[in-house]
Amino acid sequence: MSRHAEQASALTVSVALGAHDVTSRHATELLEEPSLVPPSEAEPGTLNQQLPAKFFALDEHFRAAVGDLRDAARARSDEQTRLQFGTVLQACRDCHRTFKNPTKPR
Ligand code: HEC
């Protein structure tokens, strides 16, 4: 799952450089990663059935933010790209706060 961290680093660089085409490409790649789909009742015993609904909600929120970032980069808006990148980082933080080493103080 830490592959998402590599992709985020690449995004940081392209946003910092104002390289809209690169940002748009990285965001698209991130969105093309297979996402975890919430299990249905018809799929007993699947691994993702062990995850709480909140994880899927946070992942969906994150992916929506990445989609908005991609749209801003496609529109070549410096202002919107910067703002949407902030929203993406907030979504990273929201998920880690709940699911990454939840027992550690932060
Ligand atoms: C939906 C949940 C979720 C989202 C969104 C998310 N992460 Fe994570 N991330 C995790 C979990 C869970 C782990 C720990 C498990 C693992 O490393 O696979 C993790 C681990 C990491 C790590 C490894 C850190 C360490 O101490 O090993 C980095 C770096 C990271 N994430 C960066 C990011 C960045 C940057 C974003 C946003 C662009 C992001 N993550 C979005 C859930 C998420």
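Numbering (this note's numbering), first residue to last: 622 to 727. Idealized CB from N, CA, C, for every residue including glycine.
What does the alpha-carbon distance come out to for the pair residue i and residue j?
| i | j | result |
| --- | --- | --- |
| V636 | F720 | 26 Å |
| Q701 | L632 | 15 Å |
| P673 | H717 | 14 Å |
| T667 | F676 | 15 Å |
| M622 | E654 | With a pLDDT of only 49 at M622, under the threshold of 50, the placement of this residue in the model should not be trusted; the figure read from the coordinates follows. Rounded to the nearest angstrom, the two C-alpha atoms are 11 Å apart. |
| A640 | H647 | 11 Å |
| D689 | Q705 | 6 Å |
| V687 | R714 | 14 Å |
In the DSSP assignment, find the alpha helix (DSSP H) that holds residue i and state where it starts and stops.
| i | result |
| --- | --- |
| A640 | A640 -> no alpha helix (DSSP H), and no H or E assigned at all. |
The ligand HEC and residue i: does any heavy atom of the ligand fall closer than 6 Å to the residue's C-beta?
| i | result |
| --- | --- |
| A648 | no |
| A629 | yes |
Are any of the Cβ atoms in chain D nearer than 7 Å to that of residue i?
| i | result |
| --- | --- |
| V636 | Chain labels in this structure do not include chain D; a single protein chain is all it has. |
Completely contained alpha helix (DSSP H) runs for the region 648–705, where each covers 4 or more residues: Runs found: 674–695.
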